[in-house]
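Student: Residues in the sequence shown are numbered from -17 upward in steps of one, following our numbering.
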Amino acid sequence: MTDFLTTQQGRRLAYVLTPGTGPTVVFLGGFKSDMTGTKAQFLEGWAKERGRAFLRFDYSGHGQSSEDFLDGAIGDWAQDAVAAITALATGPLVLVGSSMGGWISLLTAKAMPERIAALVGIAAAPDFTEDSMWASFDAPQRAALERDGHVALPSEYDGGPYIITRRLIEEGRSQLVLRDPLPLPFPVRLLQGSADVDVPQEVALRLFAHADSPDMTLTLVKGADHRFSNPENLSLLAETLDSLSL
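1. Does the Cβ of residue 155 have 16 or more other Cβ atoms within 10 Å, making it buried, or fewer, making it exposed?
2. Use the C-beta contact count for residue 204: other C-beta atoms within 10 angstroms, 16 or more gives buried, fewer gives exposed.
3. Quickly, what does DSSP pair residue 39 with across the bridge? List them, please.
4. Based on Cα-Cα distance, which residue from 92, 1, 26 lies nearest to residue 194?
5. Are the CB atoms of residue 218 and residue 147 nearer to each other than 8 angstroms?
6. State the start and end residues of the unbroken beta strand (DSSP E) segment that holds residue -14.
7. Are the region 101 to 112 and the region 171 to 179 touching by the rule of at least three beta carbon pairs closer than 8 angstroms?
8. Which residues in the same chain have their Cβ closer than 6 angstroms to the Cβ of residue 3, if we skip the five residues on either side of it in sequence?
9. Between residue -14 and residue 47, what straight-line distance do the alpha-carbon atoms span, to the nearest angstrom?
10. Go ahead and pull the three-state DSSP assignment for residue 119.
11. Measure the C-alpha to C-alpha separation of residue 65 and residue -11 and round it to an integer number of angstroms.
12. Between residue 88 and residue 164, which are expected to be in contact by the criterion C-beta below 8 angstroms, what is the C-beta distance as a whole number of angstroms?
13. Let me confirm a value: residue 179 is counted as buried when at least 16 other C-beta atoms fall within 10 Å, else exposed. Which label applies?
14. Going by the CB atoms, is the gap between residue 16 and residue 40 shorter than 8 angstroms?
15. Please check the pair residue 35 and residue 6, which I expect to be a contact at CB under 8 angstroms, by giving their CB distance rounded to whole angstroms.
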């Protein structure tokens, strides 16, 4: 059953909390995605089978949560993650971040490193507003962003084009994690598809090289796409979590 949490900022976040033992597994979804996606639902089933605590939620402007998506930015959604975790989960955490959620998980880990037992990134996309979006804009797109406050990008997913706001780009620059040291003093597992055209494997390799972790692995899956949601991919995700033995 979906419940709601009101943050200190007045944002109303939809969430589903599965009670259980062990470090709470927290799923952090991607850009314009929500907590009803394949990976979130799969992980909830995985948690119930093992009696593990599990939290999935919608960032503000996503899914069933309040606010307009176009008003949000990376810092807001990281703030939502910290608020949801602080209010709803006790003890150690295993963060599972998909795409943008990989970036949010790194920001969450920076905000509360003492609570992180492990981190799993699925096609993690740190710094994508700068390195993927802004870096790929041509002169007319950059001019439109400055003039109109937004620019439309084509999308292969449902819901039409992505509307990228100037605030998303500018605020994202205050949240970058690949420009400064990134200590991750806990096990880190990165899963990446070789056929991912949204977050290419070079991003995973850069994160792998940049982060400082005593126990970090990168698994590159031949042929897997950005969704990373077919049965084989989901089985690998379950195996990865099981292997952490937390």
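All C-beta atoms in this analysis are idealised placements derived from N, C-alpha and C, irrespective of residue type, glycine included.
Tutor: With the structure as the only source:
1. Exposed: under 16 other Cβ atoms inside 10 Å.
2. Residue burial is scored here from C-beta neighbours: residue 204 has fewer than 16 other C-beta atoms within 10 angstroms and is therefore classed as exposed.
3. Answer is -3, bridged to residue 39.
4. It is 92.
5. No. Outside cutoff.
6. For residue -14, the enclosing beta strand (DSSP E) covers residues -15 to -12.
7. When C-beta atoms of the region 101 to 112 are compared with those of the region 171 to 179, three or more pairs fall below 8 angstroms, so the two segments count as touching.
8. For residue 3, same chain residues with a beta-carbon under 6 angstroms away, outside a window of 5 residues either side, are 33 in chain order.
9. Each residue's Cα considered, the two are about 8 angstroms apart.
10. Assignment of residue 119 by DSSP, reduced to helix, strand and coil, places it in the coil class.
11. Near 6 angstroms, if we compare the C-alpha coordinates of residue -11 and residue 65.
12. At roughly 7 angstroms, the Cβ-Cβ gap stays under 8 angstroms, so residue 88 and residue 164 are in contact.
13. Burial call: exposed.
14. Going by C-beta atoms, residue 40 is nearer than 8 angstroms to residue 16.
15. Between residue 6 and residue 35 the Cβ distance is about 4 angstroms, and since that is below 8 angstroms, they are a contact.
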